[in-house]
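J.: Residue numbers (the working numbering), protein chains in the order written: chain D, 1 to 314; chain P, 315 to 486.
Beta carbons: idealized from backbone N, C-alpha and C, even for Gly.
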Amino acid sequence: MKYVLIIAGVLGIALTIAAGLIWVERRLLSVWQDRLGPNRVGPFGLGQVIADTIKLFFKEDWVPPFSDRPVFVLAPGILMITILLTFAVVPFGPNFYVFDSNIGVLFFLGNSSLGVYSIVLGGWASNNKYSLIGAMRASAQMLTYEVFMGLSLMGVVMMADSFSFCKIVEAQKGGWFFIPQFIGFIVFFIAGIAETHRLPFDIPEAEGELIAGYHSEYSGMKFGMFFVGEYLGITLISGLIATLFFGGWLGPSFLPPVFWFLLKTFFFIGVFILLRASLPRPRYDQLMELGWKVLLPLALLNLLVTGAILIFLK
Amino acid sequence: MDVFFYIAAVVAIISTIMAISGRNAIHSLLFLILSLLAISVIFYLLSAPFIAALEVIIYAGAIMVLFIFVTMMLNIGLEREAEKKWLKPRMWILPSVLAAVLLINLIMAIKSLPQITAGTGAIQPKQVGISLFSTYLLGVEIAAILLMAGVIGAYHLGSQKKKVKHRFLEIK
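(1) At the level of alpha carbons, what is the spacing between Val325(P) and Ala352(P)?
(2) Using only the alpha-carbon positions, how far apart do Gly134(D) and Trp62(D) sit?
(3) Pick from Gly123(D), Leu287(D) and Ser164(D): whose alpha carbon is nearest that of Leu210(D)?
(4) Using 7 angstroms as the threshold, is the C-beta distance between Phe316(D) and Phe177(D) below it?
(5) Could you tell me whether any Cβ in chain P is nearer than 7 angstroms to the Cβ of Trp124(D)?
(6) Is the beta carbon of Asn315(D) less than 7 angstroms from the beta carbon of Leu79(D)?
(7) What's the gap between the Cα of Gly336(P) and the Cα of Thr385(P)?
(8) What does a CB cutoff of less than 7 angstroms around Pro363(P) pick up in its chain, not counting 5 residues either side in sequence?
(9) Which residue's Cα is closest to the Cα of Leu301(D): Phe107(D), Asp100(D), Ser152(D) and Glu60(D)?
(10) Quick one: complete alpha helix (DSSP H) runs, 4+ long, within the stretch 96–183 of chain D?
(11) So what's Gly93(D) in DSSP terms, helix, strand or just coil?
(12) Tell me which residue opens and which closes the alpha helix (DSSP H) that Lys222(D) is part of.
(13) Does the beta-carbon of Arg283(D) have 16 or more other beta-carbons within 10 angstroms, so that it is buried, or is it exposed?
(14) Using a Cβ-Cβ cut-off of 6 angstroms (strictly less than) and excluding sequence neighbours within five positions of Ala171(D), which residues of its own chain qualify?
(15) From Tyr130(D) to Ala206(D), what distance separates their C-alpha atoms?
(16) What do you reckon, are the CB atoms on Gly37(D) and Ser30(D) nearer than 7 angstroms?
(17) Starting from Ile103(D), find everything on chain B with Cβ-Cβ shorter than 7 angstroms and list it in chain order.
(18) The stretch 63–91 of chain D: which residues have C-beta closer than 9 angstroms to a C-beta of chain P, in chain order?
(19) Strictly below 9 angstroms CB to CB, what residues from chain D border Met422(P)?
(20) With respect to the alpha helix (DSSP H) encompassing Ser335(P), which residues constitute its N-terminal and C-terminal limits?
(21) How many whole angstroms separate the CB atoms of Ile103(D) and Phe57(D), which I take to be in contact at a CB cut-off of 8 angstroms?
(22) Determine the burial state of Val415(P): buried for a count of at least 16 other Cβ atoms within 10 Å of its Cβ, exposed for fewer.
(23) Please return the same chain residues whose Cβ sits closer than 6 angstroms to the Cβ of Arg27(D), not counting the five positions on each side in sequence.
(24) Excluding the 5 residues flanking Phe108(D) on each side, which residues of the same chain have their C-beta closer than 6 angstroms to its C-beta?
(25) Can you list the residues of chain P that Met136(D) reaches, using a CB-CB cut of under 9 angstroms?
(26) Taking CB distances under 7 angstroms as the criterion, tell me whether Phe163(D) reaches chain P.
(27) I need the straight-line Cα distance from Gln181(D) to Gly155(D), nearest angstrom please.
(28) For Pro428(P), count neighbouring Cβ atoms within 10 angstroms of its own Cβ and tell me buried if that reaches 16, exposed if not.
(29) Return the Cβ separation of Glu60(D) and Gly220(D) in integer angstroms, given the expectation that the two are a contact with Cβ distance under 8 angstroms.
(30) Would Met378(P) be called buried (16 or more neighbouring beta carbons within 10 Å of its own) or exposed?
(31) Tell me, please, whether the stretch 186–196 of chain D touches the stretch 92–101 of chain D by the rule of three or more beta-carbon pairs shorter than 8 angstroms.
(32) Would you give the residue range spanned by the alpha helix (DSSP H) that Thr449(P) belongs to?
(33) Apply the 10 Å Cβ neighbour rule to Val116(D) and answer buried if 16 or more other Cβ atoms are within range, or exposed otherwise.
(34) Report buried or exposed for Glu289(D), applying the criterion of at least 16 other Cβ atoms within 10 angstroms of its Cβ.
(35) For Ile371(P), would you say it is in contact with chain D, using Cβ-to-Cβ distances shorter than 7 angstroms as the test?
(36) Whole angstroms is fine: what's the gap from Phe148(D)'s alpha carbon to Tyr231(D)'s?
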């Protein structure tokens, strides 16, 4: 019974945050762009979330006749499944997680590498040249950034001596990992933006060049799933940054641990949105160059130095 | 546990058959990914969670993405008419008979072996790492050198001469 409650809690929190982000992002962007944003529906415009959800559910769900139907329908589901599965290993609090695995970090990396298929297959199945270009960009971009997303986490794994997220959080009782693992944090953050293909790294959808990229042909709730999947991805990456580098649910005891975790997560969601508001989109080759020529050597160097210091201290 | 093993095994066999008999290249690749995921489940059930995770990350997550990427790039969609002529049903007979003989052989061989049971405790990532860097160190090093050769080869093939002029100013 407790188990069911925890799963329901994790799913509820994740999906509520993801849906709420529709409103949060628009309001925050407006603040930074010196305008008001959606403030008409309900108090502070919060009813906008419900209005948008209802709109998405009732839109015509059109499958193009020239598309590869089974793959086209499957693609948005893959994104939701892989991201929601990863929430299972994220500890929201000391006893608030679905399962604590000794391969937790690898479980996250595996799921994020499977998430690529959703975008690649969605773009391919649409049978539209813009979608295909978007899908190709996405596959190269996400494959590249996956490499050092994994490498940047290995420093944390070495310091905590475990792949389990709960043990990583507990290992940070002496001090959060973002100080000794600062390079790892920066690399993971950039890779996280590229994995969720948010601005400034949203070249798979680049609406100025590719209409809407890989989801040009999607409509109704299938588009909605890509949309919510993106917000879920932001929530997940923010939650993981909080867990891996900023002590997860650790914090002064005047607030419950779950609250600390959510507070840190919300801070990084805010940073994600601020990046969207402030940075222009790089060119495709600049993105690849940044990845292979700057971030990969940085991640490897971080790994080497961390390992050397840990052996030296032993 | 046995039930999960049989479910995963059946999924793996069916999806592999679909992968090699499919007409649509991308659909075949999807079935191949499914088969890799099923094999990963079997690894997990054999108490090797680390290998199961690596199977998903490396095979299903990285190598198969490259396969799909190349298939998309070359736009190999449906089977062409000419290919149908290359593979006539008659050609399947002899290989099928030979494969069946091999299968019977394999079943007999497995039956004669003593019963092997999976290890009791799950093998931790640490144990895998220690054995990789002590017992199997030579193999790891050789694989690394092989990969390095591959990287250098790819760099050589992909490197271009630096352009001095802008492409509009070039004389063709």
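T.: Looking at the coordinates:
(1) In a straight line, the C-alpha of Val325(P) is about 6 angstroms away from that of Ala352(P).
(2) Near 20 angstroms, if we compare the C-alpha coordinates of Trp62(D) and Gly134(D).
(3) Scanning Gly123(D), Leu287(D) and Ser164(D) for the CA closest to the CA of Leu210(D) turns up Gly123(D).
(4) Here chain D comprises residues numbered 1 to 314, so residue 316(D) is not present and cannot be evaluated.
(5) Taking 7 angstroms as the CB threshold, Trp124(D) lines the interface with chain P.
(6) Here chain D has residues from 1 to 314 only, and residue 315(D) is not among them.
(7) If you take the alpha carbons of Gly336(P) and Thr385(P), they lie about 14 angstroms apart.
(8) Residues of the same chain with a CB within less than 7 angstroms of the CB of Pro363(P), apart from the 5 flanking positions on each side, are Ala436 in chain order.
(9) Leu301(D) has its Cα closest to that of Ser152(D), out of Phe107(D), Asp100(D), Ser152(D) and Glu60(D).
(10) Entirely contained in the stretch 96–183 of chain D, the alpha helix (DSSP H) runs reaching 4 residues are, in chain order, 104–125, 129–160 and 165–171.
(11) In the structure shown, Gly93(D) sits in a strand (DSSP, three-state: E or B).
(12) Bounds of the alpha helix (DSSP H) holding Lys222(D) are Gly220 to Phe245.
(13) Exposed, since its Cβ has fewer than 16 Cβ neighbours within 10 Å.
(14) Cβ neighbours of Ala171(D) beyond the five flanking positions: Ala160.
(15) Going by the C-alpha atoms only, they are around 10 angstroms apart.
(16) Less than 7 angstroms divides the Cβ of Gly37(D) from the Cβ of Ser30(D).
(17) Any reference to chain B falls outside this structure, whose protein chains are D and P.
(18) Of all residues in the stretch 63–91 of chain D, those with a C-beta nearer than 9 angstroms to a C-beta of chain P are Asp68, Pro70, Val71 and Leu74, reading in chain order.
(19) In chain D, no part has a C-beta under 9 angstroms from the C-beta of Met422(P); the shortest such distance is about 37 angstroms.
(20) In the DSSP assignment, Ser335(P) falls within the alpha helix (DSSP H) that extends over Asp316 to Ser335.
(21) Contact doesn't hold; Cβ gap of about 37 angstroms is too wide.
(22) By the neighbour-count rule (16 or more Cβ atoms within 10 Å), Val415(P) is not buried but exposed.
(23) By the criterion of a C-beta distance shorter than 6 angstroms, Arg27(D) is surrounded in its chain by Gly37, once the five residues flanking it on both sides are discounted.
(24) Counting only Cβ-Cβ distances below 6 angstroms, and skipping sequence neighbours, we find Thr86.
(25) In chain order, Phe383, Met386 and Met387 make up the part of chain P whose C-beta sits under 9 angstroms from the C-beta of Met136(D).
(26) At least one CB of chain P lies nearer than 7 angstroms to the CB of Phe163(D).
(27) Computed Cα separation, rounded: 7 angstroms.
(28) With fewer than 16 Cβ atoms within 10 Å of its Cβ, Pro428(P) is classed as exposed.
(29) Right, their Cβ atoms sit about 6 angstroms apart.
(30) Around the beta carbon of Met378(P), 16 or more other beta carbons lie within 10 angstroms, which makes this residue buried.
(31) With the cut-off at 8 angstroms, the stretch 186–196 of chain D and the stretch 92–101 of chain D do not touch.
(32) Boundaries cannot be given for Thr449(P), as no alpha helix (DSSP H) includes it and DSSP labels it neither H nor E.
(33) Its Cβ being crowded by 16 or more others within 10 Å, Val116(D) is buried.
(34) Of the other Cβ atoms in all chains shown, fewer than 16 fall within 10 Å of the Cβ of Glu289(D); this residue is therefore exposed.
(35) Yes, Ile371(P) lies at the interface with chain D (some Cβ there is under 7 angstroms from its Cβ).
(36) Note on geometry: alpha-carbon atoms of Phe148(D) and Tyr231(D) lie some 22 angstroms from one another.
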